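Engineer: With the first letter of the sequence shown counted as 1, position 468 gets the number 996 in our numbering; the numbers rise by one all the way through.
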Amino acid sequence: MGIIIKTEHLRRYSDIAGLMVKYGFYDLARKTGLDEVLDSKEDAPARATLQGEELSRDLERMGPTFVKLGQFLSTRPDILPIEYIQALERLQTSVASFPYEQVVNIVESELGMTLAQAFSHFDPEPLAAASIGQVHRAVTHDDKPVAVKIQRPGIEEGVNADLEVLGDIARFLQNHTETGELYGVHDLFLEFRDSLLRELDYSQEKRNLEQLRKNLREFHHIVIPRVLATHTTRHVLTMEFIEGIKITHISTVRKDEIDTTGLLEEVLQAYLKQILVDGFFHADPHPGNIVLTSDNRIGILDLGMVARMAPGTRQNLIRFLLALGEGEPRDAANIAASMGEKTCNFDSEKYDRKAVALIFRYQHATLGQVQIGSLIMEFTEVIRECGIRVPRDLGLLGKTLLHLDQVAAALDPDFDPISSVRRSAADIMIRHMTANISPGNLMRALLEMKDTLGRVPRAVNTVLEQLAHNRLKINVESIDEGRLISGLQKIANRITLGLLLASLIIGAGLLARIPTSMKILGYPAIAMIFFLLAAAGAIALMLDILFSDEKPERKK
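1. Taking all protein chains shown into account, decide if Gln994 is buried (16 or more other Cβ within 10 angstroms of its Cβ) or exposed.
2. Would you mind stating whether Ser602 and Ile610 have Cβ atoms separated by less than 8 angstroms?
3. With distances taken between CB atoms, is the gap from Val988 to Ile1034 smaller than 8 angstroms?
4. Are Thr761 and Glu638 touching if we call contact CB-CB under 8 angstroms?
5. From the DSSP output, read off the bridge partner residues of Tyr1051.
6. May I ask you to report which of helix, strand or coil DSSP gives Gly695?
7. How big is the Cα-Cα spacing for Pro815 and Val935?
8. By DSSP's criteria, Phe809 is part of a beta bridge. Which residues make up the other side?
9. DSSP puts Phe650 in a beta bridge; with which residues?
10. According to DSSP, is Leu608 part of a helix, a strand, or is it coil?
11. Between Gly915 and Asn873, which are expected to be in contact by the criterion C-beta below 8 angstroms, what is the C-beta distance as a whole number of angstroms?
12. Roughly how many angstroms lie between the CA atoms of Phe809 and Met837, to the nearest whole one?
13. Is DSSP giving Glu768 helix, strand or coil here?
14. Report yes if the C-beta distance between Thr766 and Val663 is below 8 angstroms; otherwise report no.
15. Check this for me: beta carbons of Thr928 and Ile750, under 8 angstroms apart or not?
16. Please name the residue, chosen from Arg699, Asp921, Thr908, Glu856, that lies closest to Asn844 on a Cα-to-Cα basis.
17. Return helix, strand or coil for Lys1018, following the three-state DSSP convention.
18. By DSSP, does Pro573 sit in helix, in strand, or in coil?
19. What would DSSP say about Arg917, mapped onto helix, strand or coil?
20. Taking the alpha helix (DSSP H) that Pro857 falls in, what are its first and last residues?
21. Here's a check: name, in chain order, each residue in its chain whose Cβ is nearer than 6 angstroms to the Cβ of Asp696, leaving out the five neighbours to either side.
22. In angstroms with no decimal places, state the Cα-to-Cα distance between Ala545 and Phe700.
23. Could you tell me the boundaries of the alpha helix (DSSP H) in which Thr760 lies?
24. For a quick check, are the C-beta atoms of Glu733 and Ile660 less than 8 angstroms apart?
25. To the nearest angstrom, how far is the alpha carbon of Gly712 from that of Thr789?
26. Ala883 and Pro857 - do their beta-carbons sit closer together than 8 angstroms?
27. Starting from Leu538, trace the alpha helix (DSSP H) in both directions and tell me its first and last residue.
28. Please go through the same chain and pick out, in chain order, the residues whose beta-carbon is closer than 7 angstroms to the beta-carbon of Phe769, but skip the five residues on each side of it.
29. Would you list the one or two residues that DSSP bridges to Lys557?
30. With DSSP as the reference, label Lys534 as helix, strand or coil.
31. Terminal residues of the continuous beta strand (DSSP E) containing Gln679?
32. Report yes or no: is there a C-beta of chain D within less than 8 angstroms of the C-beta of Gly1015?
33. Would you mind reading off the limits of the alpha helix (DSSP H) that contains Val884?
34. Can you tell me which of the three DSSP states Val623 falls into?
35. Check each candidate in Arg680, Ile683, Gln645, Ala658 and name the one with the smallest Cα separation from Val667.
36. Could you have a look at Ile826 and say whether DSSP puts it in helix, strand or coil?
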């Protein structure tokens, strides 16, 4: 029994069935019952050898939802081979702009004012048109040039209808087929749906722009447009207009006038910070979204597609990139393998051999010889080939860096990205560690230490009570009772001193929150005194341990 086909979506079911049959999934189409809605049976023989470029063209013909699906799948090397990934990376839609009258109606209804009230000038000709919306140039009443992004009319209804069809198919495949269950097709669909719906909400893109501006404020050669909040809604986004030339259109003369290597270094550092430190990053930095401004800065546009990474994942990716940059191929291979899930077909020897050979081959190459995004994507291919389920986040990192490779190739083909990663290794690690230091984390650590120290006296009392009643038994071959008692007393004294030092630190932390007129180094005086006493006690205890404790005798 297949899925229940809804007549209002019959045309879309037929399109999807034709796509499945064309690319070698006739059996899945038959199990779902979609083969019955095909316009023609001529495509029934599987054609699994089709190229990724043809898949890209087919998805473009099927409309915005499927273009976005292709872009989403380009981040999943655990599902598609690398040649398809690279083809889907270049997916772009060329669509006609919608009429100016519709633009005016949408802007006025969304902003609750006439176009003349909102802007002193509004260009009727769009700067760019895409599958989801189009952009017009305008000027505010305080003479600020802005870009106004207007969502295409009816796009949400069409996307929701497509998502309903895809959801039905994905749910059936995961529940009734081995392939669907193996790849978690419905879970993938839910992830794609959430990403696409966020992209349709321009107020979410506004928050993305504001967050990225805040995170990258230290990079002075990178520009993120400011958002005009009063002129932004769910379907209209108004932001500062960034005047610039697309990276791919820069002339050779212009390149000779600027420090392209310095610019690329800063762009790479900014993206590494986004991915590995902040865990929030622009996931679509293709050359169309990157411009060179008149003052030789890099402008980043279109933040509809962003991604997030959990702290544990970021730590693994940092270790992977550091191993890659420091020329430790075996470490990089082991870290990547630990991030994925080993299947029953995992071949350890083959993986070690191929992964190490791949990294060695590109160790000292320039951008003209290797692109770091391509290297990571090739690495994911090796992982999959050797029986490891590719970690999604490694694929996402590769996809983002693959876009940056294209930006770098347009500016400076001699740029060495691996050396750049190597130079920034220490800074990345320090940033990652300090990013986790906050008052909340420190208080949580103090509370955990308080709980631990609270259990220590009870354990010490138990030991001392057993010792006092001669019930403490230590199994050793020989023992010096005098030295044992002396050692236990030293342990008890140090535990007691440790409890006192911990109490001083906790007390200093609590008192630091109470404002007082007396201050030392800008902090409340009493809190600083407690802290300094604790520091002095800790240093004294450390010196006592280092210099007064007996060293174990060397074995002859």
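C-beta: ideal position from N, C-alpha, C; glycine also. Remember, predicted model here, so these are calculated numbers, not experimental data.
Structural biologist: Put simply:
1. exposed
2. no
3. no
4. yes
5. Ile1048
6. helix
7. 6 angstroms
8. Ala835
9. Ala666
10. coil
11. 4 angstroms
12. 9 angstroms
13. strand
14. no
15. no
16. Asp921
17. helix
18. Unreliable positioning characterises Pro573 in this predicted model, as indicated by a pLDDT of 44, which lies under 50. The coordinate reading is nonetheless provided below. Correct three-state label for Pro573: coil.
19. strand
20. 857-867
21. Ile531
22. 14 angstroms
23. Unbroken run through Thr760: none, as it is neither H nor E.
24. no
25. 43 angstroms
26. yes
27. 538-550
28. Arg665, Pro673, Val674, Ala675
29. In the sequence on display, residue 557 carries Ala and not Lys. Its beta-bridge partners do not exist; DSSP assigns none.
30. coil
31. 673-679
32. Of the protein chains in this structure there is only one, and it is not chain D.
33. 876-889
34. coil
35. Gln645
36. strand
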